[in-house]
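I have placed the structure first, in the form of structure tokens, so that the comments after it can refer back to it.
Residue numbers (the UniProt record's numbering), protein chains in the order written: chain A, 1 to 287; chain B, 1 to 320; chain C, 1 to 390.
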């Protein structure tokens, strides 16, 4: 591999990694604060993509569609937490797993009912549709650069939110000792609703921004879910910083494995995960 | 008494006699015999998982690896056009699967909780892609088994595996034996230590037990039985496919185990029959079976605190 | 009280068992058509279209059925191969279907074949292209109305040579259909002196193509030949455009690359050359009529999958007609099916000895969001049926 191809692949890997971070961040946040393993997280990514398509078709504006989709996702998050998840806090973790598997079935069925099974596509918004030439043949689309920057921006915002704001303080407190937070007169249930809704929204937003550069198909959520879990586990469950590092790692490993060891590329991220967990059984940045 | 819960005794007295007589009612309908057979095979698989997850507290999302391995191993070690002995190959397959489990268990049992879920998943995904990507093993399209084994012991043959009714009884017998085996195991000294570890690993270590070895042994036993279930599945239709190893297979087994009542062992049968029965009914009723399946799963989590077995025990065990 | 509870336990425990044996009612006169297609998940759209097409054909040709009604038993395969033998055996011995139609997915086809080969029921494959179905595993009672994966790809090798391409990169998912398609292209392309400089197999169903496309750009071949379908095809074509390869390196494909996906691919698909046994714009009366009434009935455009389903229906109707409604003699039924000429929207076709269609393969290009026919790339092309002893 010559230098220019190496650099191109480096960019590909980082960009894929950043998108993975966006999808995985909500998952790790919800697990860290609430201890809930939300298997329906991938479904929310799918819902985001479908909503983006639906509202682009109806409003014609991608930005508007993104905002509406994010708001709907927030509402879904609040409703699901209030009606379903809340009932199960005192129960076994595996009951929560079962519940979220039930939700996957429901979301998949609703997707099929509402939007059908045909593959759908969203056009890249006109303002971002140009491309930057990299080599003689290869170009880099501005939209993908925009998405990468957006992911970085969201990572930064999350970092500040968790470390500098009152909500972040509560989140950190809730992670380390939820009884104490309750004793201090803070309504932990309110906090849980907010965190869960934000987690759902992050997944949906990832689905929205991914929509113009991917195909919107049934089952897209389950496929990404497993990769997200790999990211979250390598990083250390509940650690946003860990998820960021792990997402970039997974993105790079997957990209370079595809080119360098194509016969083994599908196994590579799992080999890396197994290797990391054998050395650090709690992931890279466990608290 | 081996079955110390009255609910379990009732269940066994209802289920097994019914299952024993079922082919008499269904004799004309070979499909339902086959369908019940495959549900029982999966129940056996779920039972082995239930022991790991419910009794040992070792949650794995990679159990399907052994299910698939059971099928692929048979294809690999048995000659293609010659009937081998079923019992001998059962021994081979379980032994090889146990050896694989010993190595993998040695690695994965260093982790726990969610990390263990993920590392078991990682190994299963590696196995899945290994078989799915290699042409020698039939790739994504899978493989055919052309000749089924014969089942003679000392010249006596009780089962003809090409006969669906015979195969049904072989699977029923296997399921019953597995249930009894786990009960004996749970009541043994070994099983009590495993229960103690699940209750409080720290204290059990303090009592001088090597908890890693107990967990490893449990993992090996459950994996070998999981492979046995996969071997039976492969023999039923003579078809092996990497999708047997997919994480969704592990996932649905986990769902059935939780649904049945984790750690109750016999709940695995309840959970599998409930899930498969619902699936069968719904998919014949409506194309949107997923919607109802999902709603029912959610409803059952809400209603049954400890699965179906737990619910039944609540009804039956209060008055003694 | 205790007794009551015991009873309840008994009922609860046996409920699952008993419900399984619910009787299936069926009228004596109807022809039972078992349908094994994916109605959910990634392949859901293909299953829908196939079923629609088939029902439409049987409805339009109801007169040919000699008064016999059609009873459909439809089961969602979820494209899960490990469930295929069970569902097939359910349709075979529980529903006692006269015809079993399916599947879309090649792995499922293998599982079905395991159960249905040599049985009394006729199996008709309306899509899955797996070579073995009409190759080494062919069987008198198994037919295919779609294609073998060899068929649509083989003629593209010659097309590529005619265009003057010498060095080509091939790419597809790493599974049976994909590999067979690439091999077929390579067979005719290298026979004419072309060279496949790199063959890329992407793990199925991965759709992160960026790394591979960057590599292709650095190789800079004369052209790229791919097999992808459905959602993967959408993503691939969009990525190919977004990364700037479109317009610089010509993209060739097995026709599935642009079937049922054009709307989602948008502008990115314009100009792609593909070969397939059908094209939307084939200008014949049958096709025009078919497309119009499909659109009217189902509210969306038809595609290749709908045509394949439609032809499956036509084939059943014509065989039933020939036997005057009495399909109880399987030998006669198979004979009738074998000798049928299907008057399909894709053009008339017949069956090879291995029961695979002998059909025209068209060269198409995408123009204004439609697959436009350029020419017949290979007339009446028959799959070699390697390994079939029929």
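Quick reminder that beta carbons are idealized off the backbone N, C-alpha and C, glycines included.
Within chain C, the residues whose beta carbon sits less than 7 Å from that of residue 30 (chain B) are 93, listed in sequence order.
Secondary-structure assignment with DSSP links residue 143 (chain B) through a beta bridge to B:240. The distance from the Cβ of residue 269 (chain B) to that of residue 43 (chain B) is about 5 Å, consistent with a contact at the 8 Å cut-off. Counted as a single uninterrupted DSSP element, the alpha helix (DSSP H) harbouring residue 230 (chain C) occupies residues 230–242.
Following the DSSP letters along the chain, one finds residue 68 (chain C) in no alpha helix (DSSP H), marked with neither H nor E.
Against chain A, a Cβ distance below 7 Å from residue 50 (chain B) picks out nothing, because the smallest value is about 11 Å. For the stretch 271–283 of chain A, the set of residues with a beta-carbon nearer than 8 Å to any beta-carbon of chain B comprises 271, 273, 274, 277, 278, 281, 282 and 283, in chain order. DSSP places residue 107 (chain A) inside the alpha helix (DSSP H), whose first and last residues are 93–115. If only uninterrupted alpha helix (DSSP H) runs of at least 4 residues are considered, those enclosed by the stretch 278–347 of chain C are 285–298, 304–322 and 330–338. Counting only residues of its own chain and dropping the five nearest sequence neighbours on each side, residue 111 (chain B) has a CB closer than 7 Å to the CB of 119. Annotated three-state conformation of residue 191 (chain C) is helix, per DSSP. Of the candidates A:195, A:164 and A:158, the residue whose Cα lies closest to the Cα of residue 175 (chain A) is A:195. Taking a Cβ-Cβ threshold of 9 Å, the residues of chain C close to residue 35 (chain B) are 20, 86, 89, 90 and 94, in chain order.
Chain A places a beta carbon closer than 8 Å to that of residue 203 (chain C), counting this residue as a contact.
With 16 or more other Cβ atoms inside 10 Å of its own Cβ, residue 65 (chain B) counts as buried.
Approximately 7 Å separates the beta-carbon atoms of residue 184 (chain C) and residue 149 (chain C); this is inside 8 Å, confirming the contact.
Chain A places a beta carbon closer than 8 Å to that of residue 133 (chain B), counting this residue as a contact. No Cβ of chain A is located within less than 8 Å of the beta carbon of residue 170 (chain C). Bounds of the alpha helix (DSSP H) holding residue 74 (chain B) are 64–77.
Per DSSP, residue 272 (chain C) is not a residue of any beta strand (DSSP E), being assigned neither H nor E. Judged by pairs of C-beta atoms under 8 Å, the stretch 254–262 of chain B touches the stretch 97–110 of chain A, as three or more such pairs exist. The three-state reading of DSSP puts residue 80 (chain C) in coil, since its state is none of H, G, I, E or B.
For residue 115 (chain B), the closest Cβ of chain A is nearer than 8 Å.
Looking at B:161, B:131 and B:247, the one whose alpha-carbon comes closest to that of residue 84 (chain B) is B:161.
Between residue 236 (chain A) and residue 285 (chain A), the gap from beta carbon to beta carbon is short of 8 Å.
Of all residues in the stretch 236–262 of chain A, only 254, 255, 256, 258, 259 and 262 come within less than 8 Å of chain C when Cβ atoms are compared, listed by chain position.
Contact holds between the stretch 208–216 of chain A and the stretch 60–72 of chain A, because three or more Cβ pairs, one in each stretch, are under 8 Å apart. Counting of Cβ neighbours within 10 angstroms places residue 250 (chain C) among the buried residues, the total reaching 16 or more.
Per DSSP, reduced to three states, the secondary structure at residue 81 (chain A) is helical. Taking a contact to require three or more Cβ pairs closer than 8 Å, the stretch 97–106 of chain B and the stretch 213–222 of chain B qualify as touching. At a cut-off of 8 Å between beta carbons, residue 141 (chain B) contacts chain C.
For residue 227 (chain C), the enclosing beta strand (DSSP E) covers residues 223–227. By the Cβ neighbour-count rule, residue 180 (chain C) is buried, with 16 or more other Cβ atoms within 10 Å of its own. Separation of the CB atoms of residue 83 (chain C) and residue 325 (chain C) is rounded to 34 Å, and the pair is thereby denied contact status at 8 Å.
Taking the Cα of residue 137 (chain A) as reference, the smallest distance to any Cα among C:227, C:215 and C:202 is reached at C:215. Judged by DSSP in its simplified three-state form, residue 305 (chain B) adopts strand.
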